[in-house]
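Residue numbers (the working numbering): -4 to 117.
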C-alpha cells in the first residue's frame, strides 16, 4: 500500500511540476518496474510509465482526475425491497434493483428439496 501511494505521489508531483521531478519519476518508475517484487506496484509502474511516455496530457487527465463522491443510497430504496435484494444478492435481482418476479417469467418453479429428492432416486 505504501509503495503504491508513494508511486502515485511521485507521478502526481511530476505531472504538476515536471521540471522539479523528472529525475525522481524516472528513478522511482525504474525501481517499481525492475526491482520491486509486488506485482501490483510493478503493474502500476508500467501503467504510469506507458501513460507518461505516450501522452503526458492524457496522463494528467487520468492521474489528476477528480474522484467522484461516493454516496450511500440505501435509504432511497424501500426497506422491503432492500431486504429482498439482500436475500437475492448473488442474482441479477441485485443488479437490476428489482425483485426476480418483476423480470423473470417463471412457468415452473422447482423447489430445492424436490431436486435433492430426485438425486437420491438415482
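Ideal Cβ positions, reconstructed from N, Cα and C, are used throughout, including at glycine.
Query, Result
"Keeping to the same chain, check which residues put their C-beta closer than 8 angstroms to that of residue 16; ignore five residues upstream and five downstream.", "5, 8, 9"
"For the putative contact between residue 19 and residue 40, defined by C-beta atoms under 8 angstroms, what is the C-beta separation to the nearest angstrom?", "With 8 angstroms as the limit, residue 19 and residue 40 do not qualify as a contact, their Cβ atoms being about 14 angstroms apart."
"Just to confirm the assignment: which complete beta strand (DSSP E) runs, minimum length 3, are found wholly within the segment 29 to 78?", "none"
"Looking at residue 31 and residue -2, is the spacing between their C-beta atoms short of 8 angstroms?", "yes"
"Is it buried or exposed for residue 181, if we count other Cβ within 10 angstroms and need 16 for buried?", "Lying outside -4 to 117, the shown extent of the chain, residue 181 is not represented and no answer is given."
"Does the beta carbon of residue 51 sit closer than 8 angstroms to a beta carbon anywhere in chain C?", "Given the protein chain composition of this structure (a single chain), no chain C is represented."
"What's the C-alpha gap between residue 49 and residue 91?", "39 angstroms"
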